[in-house]
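**Student:** Here the working numbering is used: the first residue of the sequence shown is 4, the next is one more, and so on.
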Amino acid sequence: MDDTLSIFEEAHPGCVALFIFDQSSAHASLGDDALRAFEMNKGDGGKQWQQKDTRIPDTNPYPEYRGWEQKMTLPDGTQKGLERVLTEHGFDVSGMRSKCRPDNFRLQESLLEQKIKARGHLCIFLPKFQCELNPIEMYWGWVKYRYRQIWKTTFE
4 MDDTLSIFEE AHPGCVALFI FDQSSAHASL GDDALRAFEM NKGDGGKQWQ QKDTRIPDTN
64 PYPEYRGWEQ KMTLPDGTQK GLERVLTEHG FDVSGMRSKC RPDNFRLQES LLEQKIKARG
124 HLCIFLPKFQ CELNPIEMYW GWVKYRYRQI WKTTFE
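1. In angstroms with no decimal places, state the Cα-to-Cα distance between residue 79 and residue 47.
2. In terms of alpha-carbon separation, which member of 156, 76, 142 lies closest to residue 51?
3. What residue range does the alpha helix (DSSP H) around residue 11 cover?
4. Since residue 25 and residue 114 are thought to touch, with beta carbons under 8 Å apart, how far apart are those beta carbons, to the nearest angstrom?
5. Measuring only the C-alpha atoms, how far is residue 60 from residue 4?
6. In terms of DSSP beta bridges, what is residue 57 paired with?
7. Just tell me which of 142, 118, 58, 112 has its CA closest to the CA of residue 89.
8. Roughly how many angstroms separate the alpha carbons of residue 149 and residue 142, rounded to a whole number?
9. Mind checking whether residue 119 and residue 23 have CB atoms under 9 Å apart?
10. Span of the alpha helix (DSSP H) holding residue 129?
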């Protein structure tokens, strides 16, 4: 994507690109430091990767916690577990199963979206299962229409 952005910026200086993507799982890939609740241990430490710090979202049901910066590691560098993270959001998680997905986890931007926005461009993702909205489908429809208008003497 970096090469694509560089080519666009060289060809169209000062312009903003709009990239349109379908819902391919590759387009939704998250960065290495993304917040992934399903990959976290219940307790602190253990084998889990480094996750980026975040901010408790404004949609948190407990207003007193909204907007707080949340570190994903303890002062000694140990990764926080899911139980501690949810407790910091204000949830009482004693005896609960891990089905909760706070908005700051759920609404993360994909790595692709982060790269595009960081360079000042725009991107949108088409709704799932709505291929008729995809511009490439409109183009292929036009190509088929034009092809059918050409008189053909054989089927080759």
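Backbone N, C-alpha and C define an ideal beta-carbon position, used for all residues, glycine too. Owing to the predicted nature of the structure, the values given are computational and were not obtained by experimental measurement.
**Tutor:** Taking the definition as stated:
1. Locating residue 79 in the sequence shown gives position 76, counting from the first residue. Locating residue 47 in the sequence shown gives position 44, counting from the first residue. For residue 79 and residue 47, the distance between alpha carbons rounds to 11 Å.
2. For the purposes of this step, residue 51 is identified with residue 48 of the sequence shown, where counting begins at 1. It is 76 whose Cα lies nearest to the Cα of residue 51.
3. The residue given as residue 11 occupies position 8 in the sequence shown. That run of the alpha helix (DSSP H) goes 5-14.
4. For the purposes of this step, residue 25 is taken as residue 22 along the sequence shown, with counting starting at 1. For the purposes of this step, residue 114 is taken as residue 111 along the sequence shown, with counting starting at 1. Between residue 25 and residue 114, the beta carbon gap of about 16 Å keeps them out of contact (Cβ cut-off 8 Å).
5. Position 57 of the sequence shown, counted from the first residue, corresponds to residue 60. Position 1 of the sequence shown, counted from the first residue, corresponds to residue 4. Answer to the nearest angstrom: the Cα atoms are 29 Å apart.
6. The residue you call residue 57 lines up with position 54 of the sequence shown. Bridge partners of residue 57: 73.
7. For the purposes of this step, residue 89 is taken as the residue at position 86 of the sequence shown. Selected option, being the one with the closest Cα: 58.
8. Taking the first residue of the sequence shown as 1, we reach residue 149 at position 146. Taking the first residue of the sequence shown as 1, we reach residue 142 at position 139. One C-alpha to the other measures close to 11 Å.
9. By 1-based counting over the sequence shown, the position of residue 119 is 116. By 1-based counting over the sequence shown, the position of residue 23 is 20. Going by C-beta atoms, residue 119 is not nearer than 9 Å to residue 23.
10. Here residue 129 is taken as the residue at index 126 of the sequence shown, counted from 1. Element bounds for residue 129: n/a, residue is neither H nor E.
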